[in-house]
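Student:
Numbering (my numbering), first residue to last: 692 to 890.
1. Excluding the 5 residues preceding and the 5 following residue 737 in the sequence, name in chain order all residues of the same chain whose CB lies nearer than 8 Å to its CB.
2. Quick check on residue 850: does DSSP put it in helix, strand or coil?
3. In chain order, which beta strand (DSSP E) runs of at least 3 residues are fully inside the region 723 to 756?
4. Exposed or buried, which one is residue 851 when buried takes at least 16 other CB atoms within 10 Å?
5. Who are residue 780's beta bridge partners in DSSP?
6. Judging by CA-CA distance, which residue of 837, 841, 820, 794 is the nearest neighbour of residue 764?
7. So, is residue 885 buried or exposed, given that buried needs 16 or more other C-beta atoms within 10 angstroms?
8. Residues in its own chain within less than 7 Å of residue 643 by CB, not counting five upstream and five downstream?
9. What does residue 835 pair with, by DSSP beta-bridge criteria?
10. Would you kindly report the start and end of the unbroken alpha helix (DSSP H) that includes residue 764?
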């Protein structure tokens with residue numbers, strides 16, 4: 692792309708949006724040097740992400756999956772809106788639906804996901820942190836990756852390890868994931884910026 696432009700990002704979230712909220716607040720503080728968050732697509736209310744986006748002057752739009760007959764029609768509407776906004780990259784932050792082929796084809800290698808494990812462990816699950824605890828691992832972590840047509844696969848971008856101490860529970864370890872999540876998202880956006888602008 693071009694050094695005099697910024698990358699336009701869309702954030703997609705379906706939950707309350709802790710990661711999305713943190714990312715939007717980082718953007719508002721000027722921590723994204725060569726990117727702008729153009730829009731937040733969300734589903735759940737209340738939403739901390741929506742509150743943060745409104746405060747930051749970022750557009751928001753609600754898409755409710757159950758209002759559509761099929762997963763494809765739901766994501767087709769999302770895809771059309773993304774194209775209309777000339778979005779460069781999409782970050783899935785606590786987005787619970789499988790991305791369908793139409794959206795993958797429209798934004799090849801430009802859809803980023805965050806997953807609370809170190810690939811290739813604890814994939815294709817919504818309870819990766821608890822599963823790691825149950826399994827008894829000493830180290831888990833967070834991975835960001837470019838998604839493809841397989842669930843929780845694709846090109847790894849960044850990873851952050853998180854150590855599990857003796858006797859950890861979900862309640863004690865989750866704040867570590869929340870804190871590391873802030874860092875890895877910003878690191879991932881910076882990496883994408885470097886790939887686009889620094890060659």
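Using N, Cα and C, we set each Cβ at its ideal position, and we do this for glycine too. Predicted model only: the values in this text are computed from it and were never measured.
Tutor: Quick answer:
1. 707.
2. strand
3. 726 to 733, 750 to 753
4. buried
5. Bridge pairing for residue 780: 700 [DSSP].
6. 794
7. exposed
8. Past the edges of the chain, shown from 692 to 890, lies residue 643, and the structure says nothing about it.
9. DSSP output for residue 835 lists 805, 849 as bridge partner(s).
10. 762 to 775
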